[in-house]
Amino acid sequence: MDEQSSKAYLKLINALLTCSSGKESEILRANQELIDKNLILTMVGVSETLVEQGDRKAADWLQNLAEQLAEALGGLEQVKSQTTKKSNSAALSTSEDYVEFLMEVLQATAESQGNPQVVYPLLQANLDKLDDNLTQILRVWFEVILSENQPEQEQYIAVIVSDFSNLIQQFPLGNRAINLEIAITGFEIGLTTFTLEAFPEEWGIIQNNLGNGYKDRILGDRAENLEQAIACYQHALRVYTCNEFPELWAATQNNLANAYSDRIYGEKTENLEQAIACYQNALRVYTREAFPQQWSKLYNNLGATYSKRIRGDRAENLEMALQAYHAAWQVRTRGAFPMDWAATQSNLATAYSDRIRGNRAENLEQAIACYQNALEVYARSAFPEAWAMTQNNLAVAYRERIRGDKATNLEMSIRAYHAALEVRTREAFPMDWAATQSNLAIAYSDRIRGNRAENLEQAIACSQSALQVYTRSAFPEAWAMTQNNLAVAYRERIRGDKATNLEMSIQAYHGALEVRTREAFPIDWAATQSNLAIAYSDRIRGNRAENLEQAIACCQRALQVYTREAFPEQWARTQSNLATAYRELGQIAKALTYYKNALEVFLPKAFPVDCLRVGRNLGDTAFAAGFWTEAIEGYDIAIEAVEQSRTWASTEARREEILSAAIDVYSNMVQACINIEQFDRALEYVERSKARNLVEILATKDLYPKGNIPKTVLKELDRLRREIVREQRRLNIEESIRSTDGSFDPSTDIKQNRTKLEQLIRQLDQLIKHDIHPIDPAFNLTQKIEPISFKQIKQLLPDQQTALIEWYVTSETFLTFIVTSCSHMPTVLQASPEDLQTLLDWTSSYLSSYYDNRQQWRNELDDRLRQLADILNLKHLLSLIPINCQRLILIPHRFLHMFPLHALEVGGQDAKVNSQNSATELLNNLTLGESLAISTQLRAEHTKRELPLAKDDIVQQKRQNCLLDLYPGGVSYAPSCQLLQTVEARHTSSQQHNLDRLFIVQNPTNDLHFTDLEVTAISAYFDQAYILAKQAATKEALNQEEALQNAHIVHFSCHGYFNLASPLESGLRLANNKDLANNEDLANNGYLTLEEVFELDLTQSRLVTLSACETGLTDITSLSDEYTSLPSGFLYAGSSNVVSSLWEVNDLSTTFLMIKFYENLKNETSAAIALSQAQRWLRDTTLYKLEQWIRQRQLPFDHKLRKLWQQLFNKVKGSDKPFAHPLYWAAFTCQGL
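With the working numbering applied, the sequence shown corresponds to residues 175 to 1407, in that order.
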């Protein structure tokens, strides 16, 4: 058979193995030219390989198909040789035909000395006679021979029959079960002649062969067959001693070991010990030097037996298994024996999955790597069943995986299970199908993504599917395992009646325990006992105290097997279950003790998910009892576990999700610290509770290798970092959509969604490995961002005249922390639950009014801000700040980021003057009517800088008690102290402190009347000003401008847009844009989106000003307070400060504010001071002073603007303050230094 033919046969076999049921005939008809004896022999060879790999079902299916084809080929030969007969006739063989065939085949066996190349074609030509009839005729015929021949002839014939039995036992065609029956009959015939007494050596050989026949026998009772096999091997060993027949003795020891390993009768523990002893006996002869293949095969078998071993220390047994597999691996190399190598890789992976010693997380990584190695050989096209088996096992490893994001690991596990089920169909492989269904049930029970209730229904359905195959009578062990899994799903079930679900769970656990006895299956028994404890702890029906006592009893029984030394993970989990039961009984001291026991094993880096669960339980239990020190201990380790899980998460969205899910741990930790007056520690945990995605990527972005690194390498490092951040953000949106709908499409490969990101990461890894590490070996792509300490928070305050106020909103209260540079502890104010509810109601009303009724919001803004000042108890709060403080740093939390806290008033009501001719009303009237004559687009169609629509006839004549009045050194904002620290460190390390180069984006949509005036005036303050104006201000032009990268100040004077539902899709409107409709893609509609802002290089910039609408809004839905906003994007891009707005701003007032801001900035080093001064000036300036200021600055009013100005203010008194309302001056805030 040439190589080309061999490949064709293998391709056809693969197509047959992987096709859907019923398609086999169609495939065979399409490949008729390949159907011959060589195809059948190739099928037999593949079948044997599949058996070695453990894919017995595929092997049997392929063997049966080969038999059918062989029969068909035999029929064709008969048709050709008997042309006189009709093609559809079938002659029945008589006894004489069988005898004639038997004589012919025995003669061929004798003459060829048992050569299969001579005998097998004869058997192939007579497949119709290989049946039960031949078995009977062989036995009867030999009895006749015995009566008619002399002993010498009898012995000669018995040798021939034994040789024939060996041949047919290995014959690949025909019916395997019948072939084995014929072989067993022949061996038994041989034993009637070759007795132990007369022919001990021959008798031993036949006993060994007969043992192989019974071990492989298909017909009859499996347990009885194995007993017969063991007896035969033991008989053979009476003759085959190690001294006289070492090789035969070793071969028989190996066979006997295999039989003991599979044995059903007897005690399982003892059977496995016998198997190990036999394997070790065989290794005395089968040394690596003399018999390398047999030696490696023995070690592979020995490893499998040690993995199953019951006696001895479980951990030690698994170490022995690993050693055995590694030994086999030394011979079974991929190059020499690829199939054996893959089989050993798969076995090694299973041992690593079960391993107790070593680092659990590392063991599972090893297991995953080994399974992936095996899959490099086990291609689905060539070895579908082995591929499916490995996919199933890989799914188990991913399900249990510790490293990486838990949610992602479970998704990968579920996908691998579904992949396995594409091959493991119920029709083709019912047992394997059931096994994967049972495993899939566990994964759905644990699943994080998707709808929890639906996931549990899926788990129940998978378990019930498995039980259709796993009946108790046929598969008691598998049935019990599935009952246990079903019980877990019912215990957690959301749908249906909770009490009934728990009863069904308990019933299923008890069902499992009927099979999983301590004597037969001690480890499984302990697992079910531990699970049953949880069900009894949760039980609703029955007596509560009795249920809890039952739970305790179950845990204590489980701990009889689950010792800390042998099963540390299971021991810890049972300790936790025991603690929960004692907690429910009110025995708090015992509960705390057992939780602490569990945490000795469940460490944050080793078991972060379990550590969080148990640490939270310890904290909550102690918190409820008022044991604050123990509560802090539990929450502290739980928080470490959360932060470890965040580190392993692959996307920012998932990191935020992990933190949000544990936000109660942080808030309780903060409260516990406050309760024992550890106020500094409370503030530190407030900071830790905030998502640090931006801090982490900023720190990583600024991390560069040391030494003489080529500029081209550093440039590539920066590019890859930016690309990775971009791709991660794209995945954030995709995963957000996927997690929202909760759908699962098994045909979607997560690797396909992550291909680009993984390629970028690999490129970055290669760059570091080949171009950076040779120069700076210590360089690491990431660095751990240590939580900020209270000492470091104080160091953010440059002097004793600066104070910091940080708010923290929990589900029960809101806290205010005040920090000064000289304070040993932060001052803390805690609101009542009633105050929190008032704040929540106020916030809901404010936001509803802003988004649903803008005019009402404008009319009520002044009053609302006064209410907020009262709710936040601002007057009392400021009384706690030293009177010499000149500057404030505000750190809002969650929805407080949306409000102009710097504009809040302190003290009583200021005088108000009723002015019917106020500028506000005039502006409103003009907007509604007269403005249409001046411009058809004074009011933008999409969150533009515009003239207000509210009607307000009250003008503030005096307003000098806002925060920005009380703190002339400026009021600045920061998302968190840690982010402020990061930005400050980057600014300090930068050599660029100039403010010479200005880059402006000017009125890209050409519909802002005063923006041109703004830009002209601002640019006059700078020697180097580059303006991208109007239609030229496209996104393409912006991205190509070097002036943008080199600018010290970047000023956007345009329209802004904040997407509350998807903050990453917020943006700035540039030229050549389209009007948005429904949820169109901003990036493709001429908007510079937040996602794209992250890609900009603004490392030379000290200030970015977003003179546009809603540019300072952030995602208020984030429980982790992740500051996702346009300012965060520009801070990441490199700027030290960002000025942005909290609402839709007025075009005219914004123009004056910005001009004054830059005028101040030329004389001030602080953007916060310059902005505060400009806001006070705009608020307090009368119309007369404003006109005087305009003349002094010689602002370029053209004819159109002068006409508009006259219409706006011709009825306003010179003493009026046209922009005193906070609507005009309070929107802008300064984030950063």
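Every residue gets a Cβ at the ideal spot worked out from N, C-alpha and C, and that includes glycine.
Of the listed residues the options, nearest to residue i (C-alpha basis)
i	options	result
Ala299	Ala1400, Leu243 and Gln1349	Leu243
Thr737	Ala727, Thr748 and Cys728	Thr748
Ile379	Leu422, Ala357, Phe345 and Ala812	Leu422
Asp950	Gly477, Glu666, Arg1171 and Ile883	Ile883
Asn386	Asp1372, Asn428, Arg692 and Ile680	Asn428
His998	Phe511, His944, Arg855 and Thr1403	Arg855
Gly486	Val735, Gly685, Ile352 and Ser704	Val735
The ligand MG heavy atom lying under 6 Å from the CB of residue i
i	result
Phe953	Among the components of this structure there are no ligands whatsoever, and the ligand MG is therefore not found.
Simplified DSSP assignment, three categories, for residue i
i	result
Ala1199	strand
Gln974	coil
Cys1404	strand
Ile438	coil
Ser619	helix
Phe964	helix
Ile1063	strand
Leu341	helix
Asn981	Sequence inspection shows Trp at residue 981; the Asn mentioned does not correspond to that position. Trp981 falls in the strand class under three-state DSSP.
Tyr1261	strand
Val1129	Caution applies to Val1129, whose pLDDT of 45 falls short of 50 and renders its modelled position unreliable; the model cannot decide the point.
Arg1171	strand
Val1313	strand
Tyr1231	strand
Tyr473	helix
Ala1107	Only weak support is given to the placement of Ala1107: the predicted model assigns it a pLDDT of 28, under 50, and the value that follows is read from those uncertain coordinates. Helix at Ala1107.
Ile992	strand
Glu1079	strand
Ser1146	strand
Phe1326	helix
Cys544	helix
Leu1357	helix
Gln1205	helix
Phe1226	strand
Cys193	coil
Closer than 7 Å to chain C by CB, residue i
i	result
Leu1277	This model lacks chain C altogether; it includes just one protein chain.
C-beta contact flag for residue i and residue j at 7 Å
i	j	result
Leu1352	Trp1317	no
Gly348	Glu241	yes
Leu786	Ala815	yes
Lys303	Tyr330	no
Ala617	Ile588	yes
Ala1005	Thr1017	no
Phe964	Leu1064	no
Leu1280	Phe1232	no
Leu496	Ala523	no
Ala581	Arg626	no
Ala541	Ala590	no
Val333	Ile363	no
Trp377	Leu384	no
Taking three-plus beta-carbon pairs below 8 Å as touching, is the stretch 933-943 in contact with the stretch 1021-1031? no
Do the stretch 1357-1377 and the stretch 1052-1061 make contact, defined as three or more Cβ pairs closer than 8 Å? no
Which parts of the stretch 358-431 are runs of the beta strand (DSSP E), unbroken and 3 residues or longer, counting only runs that do not cross its ends? none
Every unbroken beta strand (DSSP E) within the stretch 757-787, with a cutoff of 3 residues, ordered by chain: none
Contained beta strand (DSSP E) runs [length at least 3] in the stretch 630-669, N- to C-terminal order: none
What beta strand (DSSP E) runs, 3 residues minimum, are completely inside the stretch 1266-1296? 1277-1281
The stretch 1219-1230 / the stretch 1185-1194 touching (three or more Cβ pairs under 8 Å): yes
Within the stretch 438-468, note down every full alpha helix (DSSP H) run reaching 4 residues or more, in order along the chain. 442-457
Segment contact, 8 Å Cβ cut-off, at least three pairs: the stretch 1032-1047 with the stretch 1270-1284: no
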